[in-house]
Ligand SMILES: Cc1ncc(C[n+]2csc(CCOP(=O)(O)OP(=O)(O)O)c2C)c(N)n1
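Chains as they are written, first to last, in the working numbering: chain X, 171 to 423; chain B, 1140 to 1496.
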């Protein structure tokens, strides 16, 4: 061990200043993805896809080739890239409105084809970018600007559990749900992201890491209260864990 | 090289492959199913990729991603499918990645019908995607021309970093004609300054993007795109002027409809009547210059379309009030006969001209 460890910027991120609200956990997740790409020595071969949502400007933050996709279409864009460049690392970075609502079709079929891509799915239970409207992942009773009386099951159904749904798809290789509400879970999240990218490197097929994330501004809370709210409300409905690991199930070869 | 009897849809596929296209993403829809069928058969033989997307929305976004890597890539679809691709086309135009879209149009609106139609002229030349954008649209009238325009579309797409469309209909896609598919002479346009292929640690990241949050940045981008569209307008208009010498009536028709009109012109000329045809080969940019070359003898112009009248708007703009512009059209998959056109032109020569569409 060196005498002192200096916390530095990862070279997986550019010098551009984040556009995120103070307290938002998108920044943590960006850093984890960037660190993993550097640690796996994949940054130079990576092509990321920024989606529509608060993270739309991710193309300015990740220090690798980037393409910006229409709302929900990132898995299709990733498919196009990967089919042309099968040896490059291709990942999408999508919110829950993007992936679970308007892009539900694209992600399901990308998983079905077992596209060899990695999806970083940031679930903050709300549409952050457009000002805090209800998402398909918004919890029952949760107040948003379009569910001002609290989300009602009778009107909107139950929140979508994406990891559970995608884990039923034969083509899905690795699906894990993690959270970034405290340092221990941040570390677990990094492990999950690393595993997903490693599987992609090994050409194992479709991988997705769902990351529970806070939107303190959209939720109308302080950053710290938002972390508690995530732990107390989101995790019970969105249990953390590995939902699918085909490589482990089938035994590593 | 010898000519080979080929079906239109095969000509589309074979010409694209000869032009270096190795990636096809599409979704089935009549009357162009033979294109994806051909590609699914041929791509594996050349080490290419065929992907049947889950929808046209996905297909066009796969094209967007693939084109972003600098690869020659195409899709093919028909009217309702092209409608679904408009979102992607807007992104592709906005972020300036080259690709080719084949539109084998059928009747509409809605599910319409599957027979030949030209009612997607607006869809092709105005587009349904958002924002200030255009794309070159090529309208072949026979299969040899279809082959050459397919290849040209790839070159133009690369040269101007734009989507380019080849617009046909079921008549052209389903018919057979002898065709020579010329080997592709690669222009080797360097795409390394923008294509996303991984930095390899040797350059700054390339970013493919249509978003400009700041007003000035977007306006600058819009100006840049517009300059490009002006250059395309200056350089790429294409048309055929047929029997226009001494003509008193000019019929304007493109694609499949122009085949019938050509017959009608021949028959009328045989009778000694002075009629000719302008056949736009590019629909955007519309060859308005063709009308400036017309002789002083011209008294009226007819737009003959397999629609209720769409190209007529561009003809009126090109005519600049110099001549009345009349219309004749059939729809639903009905194709006007040579006799119908001849009768209409004879009436016009006698001075019966309706200026209302
Ligand atoms: C086709 C289309 N529909 C709607 C929008 C508007 N829009 C922008 S961001 C967004 C919601 C994104 O929410 P989410 O994916 O949850 O990401 P977050 O902002 O919470 O990170 C919407 C609806 C759009 N840009 N395009």
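Cβ atoms here follow ideal geometry from the backbone N, Cα and C, with glycine treated the same way.
Within the present structure, is the beta-carbon of residue 200 (chain X) separated from the nearest heavy atom of ligand 1 by less than 7 Å? The residue you call residue 200 (chain X) lines up with position 30 of the first chain. Because no heavy atom of ligand 1 lies under 7 Å away, the Cβ of residue 200 (chain X) does not count as near it: no.
How about residue 237 (chain X): is its C-beta nearer than 8 Å to some C-beta of chain B? Counted from its first residue, the first chain places residue 237 (chain X) at position 67. Interface with chain B (8 Å Cβ-Cβ cutoff): residue 237 (chain X) is included.
Mind checking whether residue 262 (chain X) and residue 383 (chain X) have CB atoms under 8 Å apart? Stepping through the first chain from its first residue, residue 262 (chain X) is reached at position 92. Stepping through the first chain from its first residue, residue 383 (chain X) is reached at position 213. In this structure, residue 383 (chain X) does not lie closer than 8 Å to residue 262 (chain X) by Cβ.
Return the first residue and the last residue of the beta strand (DSSP E) that residue 1349 (chain B) is part of. Within the second chain, residue 1349 (chain B) is the residue found at index 210, counting from 1. No beta strand (DSSP E) contains residue 1349 (chain B), which DSSP labels as neither H nor E.
Give me, in chain order, the residues of the same chain whose beta-carbon lies closer than 6 Å to that of residue 1215 (chain B); leave out the 5 immediate sequence neighbours on both sides. Here residue 1215 (chain B) corresponds to residue number 76 of the second chain, with the count starting at 1. Excluding sequence neighbours, residue 1215 (chain B) sits near 1165, 1171, 1174, 1241.
Check residue 1238 (chain B) in the structure and name its three-state DSSP category. Counting from 1 along the second chain, the entry for residue 1238 (chain B) is found at position 99. In the structure shown, residue 1238 (chain B) sits in a strand (DSSP, three-state: E or B).
Exposure label - residue 292 (chain X); buried when at least 16 CB within 10 Å: Translated into the one-based positions of the first chain, residue 292 (chain X) becomes position 122. Under this definition residue 292 (chain X) is a buried residue.
Give the DSSP-derived three-state secondary structure of residue 399 (chain X) in the structure shown. Counting from one through the first chain, the residue named residue 399 (chain X) turns up at place 229. Helix, per DSSP.
Compare the C-beta of residue 1208 (chain B) with all C-beta atoms of chain X and state if any pair is closer than 8 Å. Position 69 of the second chain holds residue 1208 (chain B). Closer than 8 Å: yes.
Beta strand (DSSP E) runs wholly inside the stretch 230-289 of chain X, at least 3 long, in chain order: 235-238, 259-265
When we look at the beta-carbon of residue 140 (chain X) and count the other beta-carbons within 10 Å, is it buried (16 or more) or exposed? Any question about residue 140 (chain X) goes unanswered here, given that chain X covers just 171 to 423.
In chain order, what residues of the stretch 194-207 of chain X put their CB closer than 8 Å to some CB of chain B? none
Can you tell me which residues form a DSSP beta bridge with residue 1293 (chain B)? Your numbering for residue 1293 (chain B) matches position 154 in the second chain. DSSP, once it has assigned bridges, lists no residue as partnering residue 1293 (chain B).
State buried or exposed for residue 312 (chain X), treating a residue as buried only when at least 16 other CB atoms are found within 10 Å of its CB. What you label residue 312 (chain X) is simply residue 142 of the first chain in a count that begins at 1. That one is buried.
At the 8 Å Cβ level, is residue 279 (chain X) part of the contact set with chain B, yes or no? For the purposes of this step, residue 279 (chain X) is taken as residue 109 along the first chain, with counting starting at 1. So yes, residue 279 (chain X) belongs to the interface.
If the criterion is Cβ atoms closer than 8 Å, does the pair residue 1105 (chain B) and residue 355 (chain X) meet it? The first residue shown for chain B is 1140 and the last is 1496, placing residue 1105 (chain B) beyond what the model contains.
Since residue 268 (chain X) and residue 298 (chain X) should fall inside the 8 Å C-beta cutoff, what is the C-beta to C-beta distance between them, to a whole number of angstroms? Within the first chain, residue 268 (chain X) is the residue found at index 98, counting from 1. Within the first chain, residue 298 (chain X) is the residue found at index 128, counting from 1. Not confirmed; about 11 Å, so no contact.
On the CB-based measure, 16 or more other CB atoms within 10 Å of its CB, does residue 381 (chain X) come out buried or exposed? In the first chain, residue 381 (chain X) corresponds to position 211, counting from 1. In the assembly as shown, residue 381 (chain X) is a buried residue. Its beta-carbon has 16 or more other beta-carbons within 10 Å.
Leaving out the 5 sequence neighbours to the left and right, which residues in its chain are closer than 7 Å to residue 1300 (chain B) when beta-carbon positions are compared? Start at 1 with the first residue of the second chain, and residue 1300 (chain B) comes out as number 161. Answer for residue 1300 (chain B): 1235, 1236, 1237, listed in chain order.
What residues in the stretch 1180-1201 of chain B bring their beta carbon closer than 9 Å to a beta carbon of chain X? 1188, 1190, 1192, 1193, 1194, 1196, 1197, 1198, 1199, 1200, 1201
Chain X within 8 Å of residue 1346 (chain B), Cβ atoms only: Locating residue 1346 (chain B) in the second chain gives position 207, counting from the first residue. At least one chain X Cβ lies under 8 Å of residue 1346 (chain B).
Tell me, please, whether the CB atom of residue 185 (chain X) is closer than 8 Å to any CB atom in chain B? Locating residue 185 (chain X) in the first chain gives position 15, where the first residue counts as 1. No, because no Cβ of chain B sits closer than 8 Å to the Cβ of residue 185 (chain X).
Taking 8 Å as the threshold (C-beta atoms), are residue 405 (chain X) and residue 379 (chain X) in contact? Within the first chain, the letter at position 209 stands for residue 379 (chain X). Within the first chain, the letter at position 235 stands for residue 405 (chain X). Cβ distance not < 8 Å, so residue 379 (chain X) and residue 405 (chain X) don't count as in contact.
For residue 231 (chain X), which of X:347, X:403, X:197 has the nearest alpha-carbon? By one-based count along the first chain, residue 231 (chain X) stands at place 61. Checked all of X:347, X:403, X:197; the closest Cα to residue 231 (chain X) is X:197.
Can you list, in chain order, the residues of the stretch 1161-1175 of chain B whose Cβ is nearer than 7 Å to any Cβ on chain X? 1162, 1164
Counting pairs of Cβ atoms below 8 Å between the stretch 1434-1449 of chain B and the stretch 1385-1401 of chain B, do you hit three or more? Pairwise C-beta distances place the stretch 1434-1449 of chain B in contact with the stretch 1385-1401 of chain B, as three or more of them are shorter than 8 Å.
Within a Cβ cutoff of 7 Å, which residues of the same chain sit near residue 369 (chain X), ignoring the five residues on either side of it in sequence? For this step, residue 369 (chain X) is matched to residue 199 along the first chain. Its chain contains 343, 344, 377, 417 as the residues whose beta carbon lies nearer than 7 Å to that of residue 369 (chain X), once the 5 sequence neighbours on both sides are disregarded; these appear in chain order.
Could you spell out the range, first to last residue, of the alpha helix (DSSP H) harbouring residue 1437 (chain B)? Within the second chain, numbered from 1, the residue matching residue 1437 (chain B) stands at position 298. Element bounds for residue 1437 (chain B): n/a, residue is neither H nor E.
Can you give me the start and stop residues for the alpha helix (DSSP H) that residue 391 (chain X) sits inside? Numbered from its first residue, the first chain carries residue 391 (chain X) at position 221. From DSSP, residue 391 (chain X) is part of no alpha helix (DSSP H); its letter is neither H nor E.
Do you know how far the Cα of residue 1415 (chain B) is from the Cα of residue 1122 (chain B)? Residue 1122 (chain B) cannot be examined here, being either before or after the span of chain B that is shown, 1140 to 1496.
When you compare each of B:1220, B:1187, B:1267 to residue 1205 (chain B) by their alpha carbons, which one comes out closest? Position 66 of the second chain holds residue 1205 (chain B). Checked all of B:1220, B:1187, B:1267; the closest Cα to residue 1205 (chain B) is B:1187.
State buried or exposed for residue 1330 (chain B), treating a residue as buried only when at least 16 other CB atoms are found within 10 Å of its CB. Here the question's residue 1330 (chain B) lines up with position 191 in the second chain. It is buried - the Cβ of residue 1330 (chain B) has at least 16 other Cβ atoms within 10 Å.
Give me, in chain order, the residues of the same chain whose beta-carbon lies closer than 6 Å to that of residue 1334 (chain B); leave out the 5 immediate sequence neighbours on both sides. Within the second chain, residue 1334 (chain B) is the residue found at index 195, counting from 1. Here the set comprises 1208, 1209.
Could you give the DSSP three-state label for residue 1466 (chain B): helix, strand or coil? Position 327 of the second chain holds residue 1466 (chain B). Residue 1466 (chain B) falls in the strand class under three-state DSSP.
Could you tell me whether the stretch 1349-1367 of chain B touches the stretch 1403-1413 of chain B, where touching means 3 or more Cβ pairs closer than 8 Å? Because the criterion of three Cβ pairs below 8 Å is not met, the stretch 1349-1367 of chain B and the stretch 1403-1413 of chain B do not touch.
Spell out whether any CB of chain X is found under 8 Å from the CB atom of residue 1272 (chain B). Numbered from 1 along the second chain, position 133 holds the residue referred to as residue 1272 (chain B). Output row for residue 1272 (chain B): interface = no.
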